[in-house]
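**Q** Numbering (my numbering), first residue to last: 8 to 263. Cβ atoms here follow ideal geometry from the backbone N, Cα and C, with glycine treated the same way. Note that this is a predicted model, so its numbers are computed, not measured.
1. In three-state DSSP terms, what is residue 78?
2. Quick check: the Cα distance between residue 139 and residue 218, rounded to an integer number of angstroms?
3. Can you name the residues that DSSP bridges to residue 252?
4. Just to confirm the assignment, what range does the beta strand (DSSP E) spanning residue 235 have?
5. Let me check one thing: in DSSP terms, what residues is residue 264 bridge-paired to?
6. On the DSSP letters alone, give me the boundaries of the alpha helix (DSSP H) that residue 65 sits inside.
7. Thinking just about the alpha-carbon of each residue, which of 232, 150 and 179 is nearest to the one in residue 161?
8. Nearest to residue 119 by CA position, among 155, 110 and 73, is which residue?
9. Leaving out the 5 sequence neighbours to the left and right, which residues in its chain are closer than 8 Å to residue 237 when beta-carbon positions are compared?
10. Assign residue 76 to one of two classes, buried (16 or more other C-beta atoms within 10 Å of its C-beta) or exposed (fewer than that).
11. In the DSSP assignment, find the unbroken beta strand (DSSP E) run with residue 29 in it and report its ends.
12. When DSSP labels each residue in this structure, what does residue 181 get in the three-state scheme?
13. May I have the straight-line CA-CA distance separating residue 250 from residue 89, to the nearest angstrom?
As C-alpha cells, then:
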C-alpha cells in the first residue's frame, strides 16, 4: 500500500477580520562608512515576512529608526543591474503595488507608536542596522517592552546587531542563557569576496561569540534557518525571514 501524505496550511481569506497587528521596524537610510554605499533595509527581509504575516491573517505597520522614506539596499532590489536578487519574485511582486511603495515612502519614527497596539515586533535586517540598530536606546527600549511583556520579539540577519548589547531591565544581557542566530561569518566572507572589499564594520557572529553565557548557532551559508527560544525569535540571513515569521505566527496562533 502506498504511503499517504497530507499537507494543510492556513491561508487567510480575503475580507476576513484580521487577527491582530505586527510591528515591523526597518533602518532609515544611511551611508556605509566601510564602502561609501547608500544603505538601508534588505528587501526580502521585509517582503518575505510580510507575505507570511498577511497570509496568516495579520496586519502590519512599518516604522523606522528616524521616520520618513525608506530605501532598500541596492543588491536586494530584484531590478538592480547586478542581478543579485533577480530571483526574488516576492519582493518584485510587492514593488508593483501602490500601497507597498506608499508604505516605504513615509514611515513613522519608532518612538511614535504604542507597543500595546501590536501583538509582536519584527526587526527587518539589511546593511543599515549595523549602524542604526546597535546601541540605539530608542530601539532597545521598544524591543524590550515587547520582549518583557512576553510578546513574540524577532530579529533577522544584521538586525540582530541590536542583541549584541541589549540589556533587560535587571541589567542582564537579553541573550544570556538564550540560543540565537544571525548573519554568519562565512556569509560575510562570501559577500566580501564577491565585491572585493570588507563590507561591514564588524561581524555579528564574531561579536556574538565573545559573549559568555549565550549560545550562538549558524546553519550552512544562506540556508533558511531560524530559532525560537522562549519569545525571542532570530533568523540567520535574508533567506530566513519567512521562517522567522512563521515561528512568530506559530506563537501568536498558539501552535506548539
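**A** Reading from the atomic positions:
1. Locating residue 78 in the chain shown gives position 71, where the first residue counts as 1. If DSSP states are grouped into helix, strand and coil, residue 78 belongs with coil.
2. Position 132 of the chain shown holds residue 139. Position 211 of the chain shown holds residue 218. Their backbone Cα atoms lie some 21 Å apart in a straight line.
3. Locating residue 252 in the chain shown gives position 245, where the first residue counts as 1. Partner(s): none; residue 252 has no beta bridge.
4. As a first step, residue 235 must be located in the chain shown, where it is residue number 228. It spans 233-236 - the beta strand (DSSP E) in which residue 235 sits, taken as one unbroken run.
5. Shown here, the chain extends from 8 to 263; a query on residue 264 therefore has no answer.
6. If you number the chain shown from 1, residue 65 lands on position 58. Not the alpha helix (DSSP H): residue 65 falls in the beta strand (DSSP E), residues 65-71.
7. In the chain shown, the residue the question calls residue 161 occupies position 154. Comparing Cα positions, the closest option is 150.
8. Counting from one through the chain shown, the residue named residue 119 turns up at place 112. Taking only the C-alpha atoms, the option nearest residue 119 is 73.
9. Within the chain shown, residue 237 is the residue found at index 230, counting from 1. So the qualifying residues of the chain are 185.
10. Within the chain shown, numbered from 1, the residue matching residue 76 stands at position 69. So residue 76 counts as exposed.
11. Residue mapping note: residue 29 aligns to position 22 of the chain shown, counting from 1. Unbroken beta strand (DSSP E) run through residue 29: 27-33.
12. As a position in the chain shown, residue 181 is number 174, starting the count at 1. Residue 181 falls in the coil class under three-state DSSP.
13. Start at 1 with the first residue of the chain shown, and residue 250 comes out as number 243. Start at 1 with the first residue of the chain shown, and residue 89 comes out as number 82. Our two residues, residue 250 and residue 89, have alpha carbons roughly 26 Å apart in a direct line.
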